[in-house]
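Chemist:
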Amino acid sequence: MKSDFSAARLHLQRAQDYLRGSDETSDQARQAIDMLLDAVTHAEFRKPASNVIAFPEQKHSCQS
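For the sequence shown, our numbering begins at 71 and goes up steadily by one.
So, in structure tokens, the structure goes:
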């Protein structure tokens with residue numbers, strides 16, 4: 071099963087909105103959610119690894 075990073079990002083943004091307090095705990099929680107949002111956003115837009123097959127180089131001799 072693949073992760074739904076878009077949905078996770080949305081939930082984290084909503085959680086951050088609920089932490090409106092100016093107390094230290096709310097500030098720390100918002101900072102922690104910020105780090106999670108960065109990680110989720112990075113994962114969401116990361117390009118998948120490609121399966122590149124290396125072929126041996128062939129030397130061609132061109133005679134004109």
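Where a beta carbon is used, it is the ideal one built from N, C-alpha and C, also for glycine. Only a predicted model underlies this, so the values are computations on that prediction, with no experimental measurement involved.
#1: Is it true that the region 101 to 112 meets the region 76 to 93, where meeting means three or more beta-carbon pairs spaced less than 8 Å apart?
#2: Under the assumption that L82 contacts V122 (Cβ atoms under 8 Å), give the Cβ distance between them as a whole number of angstroms.
#3: With distances taken Cα to Cα, identify the nearest neighbour of S73 among Y88, S96, P118 and E114.
Modeler: A quick look at the data gives this:
#1: yes
#2: Contact between L82 and V122 fails: their C-beta atoms lie close to 34 Å from each other, not under 8 Å.
#3: E114
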